[in-house]
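J.:
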């Protein structure tokens, strides 16, 4: 039940607008409708059932998901080979496209549901501006509750989405009973005939059909909250509900002709006055779908931070039970501003749908390429062949979606370009910074330390010194010891090393590296939410002071000025891991770049 609320919201609200957008591109003849329904059915089979639910979700170690996970698996298999930079670059593009998709999804979901108000008797003339304002108020309210956490209301997400999917199935079946010939569309024959008979125009229909599988990558990224099994079980219920809804909408079109927002028109005709509760249910469902995307964005940004492709941001934990439930303040407000901007810029779900799908298709294609490389290395010919077919399918969706560029599709790329530029500047800045900072090799540090330790008065207690590598000591530590002449009786070097696997924490505590010097190495998977203070206490360490290094970037070049702003805006390393603030002392190193 939980998976219905946490994972399937995005793909579960696609039936609200998908058929309406497709009808803008074709005439509602029987051949066309059967062909489109067949394309939708087989897209759900190949993209969601095969690509994500079967192939991708079987690769994780402990039920984790997302483009970064595929990259981590592939990098570990390549073992530092020449393809690693290419794979890393592809993963970065995939992450950025997912973020661009994360802006449009809440906007189109909420707006499409609110537009159903126009079918309520007496509200047919509701202006576009009023609908936009209602959608904006809902979106703003959703983002404002994020900082308090959604744990108190999350229990209702599953039951609400269960009712939503049940209503999609029920209303679809009612419509199918009157026009049962739509069931013929389950045969791939109708999809192939449609594409062959309509030539290039039929091929470009895929740019609208892709709307039925939006949410696939989000579904995979959200897998880390629940693991694979609950999602697979949920898909056994969600998939037939979606199929019944699309078939029912096709039957309704054949019986009544093209009718704008097909789902709402169909339900309004079937339920009469009960349409209003269904409308309210659809609005709640789109709010839950948006919540799933927001949570997915938090998860993806956290993975990007821990794998050092994004600067660290302040994180709050909103659940006492689920440590994976996090809130990132900066992401929340930037995402809200972007969603509102997109809503008012496009004005309606119809215009938004004309621009939607490009980032989704790009992300799906990258995931399929990474899957192919993984299965080739694992020497699995069947899955390699299937992955190759999926690349062709996803690439077809992407190529046809390029036709959306003149209609606002370029916004998918513009929205993805913002995190891409941030990531590239941050990675380049970190590399430049490492070349400027000259770490002290441990074999040189130890003799100098021992000589200094024996000849100086020592402060009572224990001090922790955070360094990126135990064997290459951060230069600020040498500055504290040898220049500032500050030394404690017990000095512990602490290094946190992020590994290329998602879960698992390994701690190595080496005492007596020298007189009064110890080393604590924490190796962690990139999806672990670490409680550093607890790990330190478990080793019986009670520190008096915590030291860490900070860099003050000075440069005349704009790109490094931006990098310097990122470094200043990001919380210090030790604050990111919520260490006791009263014990923290930062040592600033001035770097000219």
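Residue numbers (the working numbering): 126 to 718.
By construction, the Cβ of each residue, glycine as well, lies at the ideal position given by its N, Cα and C atoms.
Express the C-alpha separation of residue 640 and residue 192 in angstroms, rounding to a whole number.
T.: On the chain shown, residue 192 is found 67 positions in, with the first residue counted as 1. On the chain shown, residue 640 is found 515 positions in, with the first residue counted as 1. C-alpha separation (whole angstroms): 46 Å.
J.: Given that a residue counts as buried once 16 or more other Cβ atoms are within 10 Å of its Cβ, and exposed if not, what is residue 157?
T.: Residue numbering aside, residue 157 sits at position 32 when the chain shown is read from its first letter. Flag for residue 157 reads buried.
J.: With residue 290 and residue 137 assumed to form a contact (beta carbons below 8 Å), what rounded beta-carbon distance in angstroms separates them?
T.: As a first step, residue 290 is located in the chain shown; it is residue number 165 there, counting from the start. As a first step, residue 137 is located in the chain shown; it is residue number 12 there, counting from the start. That pair is a contact at about 6 Å.
J.: Once the 5 residues before and after residue 465 are set aside, which same chain residues still bring their CB inside 7 Å of it?
T.: By 1-based counting over the chain shown, the position of residue 465 is 340. Hits under 7 Å: 261 and 264.
J.: Which runs of the alpha helix (DSSP H) spanning at least 4 residues fall entirely within the segment 306–373, listed in chain order?
T.: Counting whole runs of 4 or more residues, the segment 306–373 contains the alpha helix (DSSP H) stretches 313–328, 331–334, 341–346 and 348–351.
J.: Let me know if residue 517 comes out buried or exposed under the rule of 16 or more other beta-carbons within 10 Å of its beta-carbon.
T.: Numbered from its first residue, the chain shown carries residue 517 at position 392. By the 10 Å Cβ count, residue 517 comes out exposed.
J.: When you compare only the Cα positions, how much space is there between residue 202 and residue 210?
T.: Translated into positions along the chain shown, residue 202 becomes position 77. Translated into positions along the chain shown, residue 210 becomes position 85. Roughly 14 Å between the two C-alpha positions.
J.: Could you please give the first and the last residue of the uninterrupted alpha helix (DSSP H) stretch that includes residue 286?
T.: Start at 1 with the first residue of the chain shown, and residue 286 comes out as number 161. Residue 286 -> alpha helix (DSSP H) spans 282–303.
J.: Residue ranges of each beta strand (DSSP E) run of no fewer than 3 residues wholly in the segment 640–684, ordered along the chain?
T.: Here the runs fully enclosed are 642–649 and 670–679.
J.: Going by DSSP in three states, residue 110 sits in which element: helix, strand or coil?
T.: Absent from the model: residue 110. The displayed extent of the chain is 126 to 718, so no value can be given.
J.: Return the chain-ordered ranges of every alpha helix (DSSP H) run that is complete within the segment 411–472 and spans a minimum of 4 residues.
T.: Entirely contained in the segment 411–472, the alpha helix (DSSP H) runs reaching 4 residues are, in chain order, 454–471.
J.: Comparing alpha-carbon positions, which option in 151, 343 and 325 lies nearest residue 222?
T.: Reading the chain shown from its first residue, position 97 is the one you call residue 222. Out of 151, 343 and 325, 343 has the C-alpha closest to the C-alpha of residue 222.
J.: For the 8 Å Cβ check, are there 3 or more pairs between the segment 367–387 and the segment 138–152?
T.: A contact exists between the segment 367–387 and the segment 138–152.
J.: Just to confirm the assignment, what range does the alpha helix (DSSP H) spanning residue 228 have?
T.: The count along the chain shown starts at 1 and reaches residue 228 at position 103. Counting along the chain, the alpha helix (DSSP H) containing residue 228 begins and ends at 209–239.
J.: From the DSSP secondary-structure annotation, give me the bridge partner or partners of residue 271.
T.: Numbered from 1 along the chain shown, position 146 holds the residue referred to as residue 271. According to DSSP, which records beta bridges pairwise, residue 271 is partnered with nothing at all.
J.: Note down, in chain order, each residue of its chain lying with its Cβ closer than 6 Å to the Cβ of residue 501, except the 5 sequence neighbours on either side.
T.: The residue given as residue 501 occupies position 376 in the chain shown. Contacts found: 509.
J.: So the candidates are 621, 616 and 629; which of them puts its Cα closest to the Cα of residue 636?
T.: In the chain shown, residue 636 corresponds to position 511, counting from 1. Closest option to residue 636, Cα to Cα, is 616.
J.: Label residue 601 either buried or exposed according to how many other C-beta atoms from any shown protein chain fall within 10 Å of its C-beta, with 16 as the threshold for buried.
T.: Position 476 of the chain shown, counting from 1, holds the residue named residue 601. It is buried - the Cβ of residue 601 has at least 16 other Cβ atoms within 10 Å.
J.: In three-state DSSP terms, what is residue 588?
T.: One-based indexing of the chain shown puts residue 588 at position 463. Residue state, collapsed to three classes: strand.
J.: Please confirm whether residue 316 and residue 163 have their CB atoms less than 8 Å apart.
T.: For the purposes of this step, residue 316 is identified with residue 191 of the chain shown, where counting begins at 1. For the purposes of this step, residue 163 is identified with residue 38 of the chain shown, where counting begins at 1. Closer than 8 Å, so yes.
J.: Suppose you measure from the CA of residue 705 to the CA of residue 563; what does that come to, to the nearest Å?
T.: On the chain shown, position 580 is the one that residue 705 refers to. On the chain shown, position 438 is the one that residue 563 refers to. Their backbone Cα atoms lie some 29 Å apart in a straight line.
J.: Report yes if the C-beta distance between residue 241 and residue 404 is below 8 Å; otherwise report no.
T.: The residue you call residue 241 lines up with position 116 of the chain shown. The residue you call residue 404 lines up with position 279 of the chain shown. A contact, by the Cβ cut-off of 8 Å.
J.: Shortest alpha-carbon distance to residue 85 belongs to which of 496, 716, 546 and 491?
T.: Any property of residue 85 remains undetermined from this structure, which presents the chain solely from 126 to 718.
J.: Alpha carbon to alpha carbon, how far is residue 454 from residue 133? Give it in angstroms, no decimals.
T.: Taking the chain shown and counting its residues from 1, one reaches residue 133 at position 8. Taking the chain shown and counting its residues from 1, one reaches residue 454 at position 329. So the alpha carbons of these two residues sit roughly 24 Å apart.
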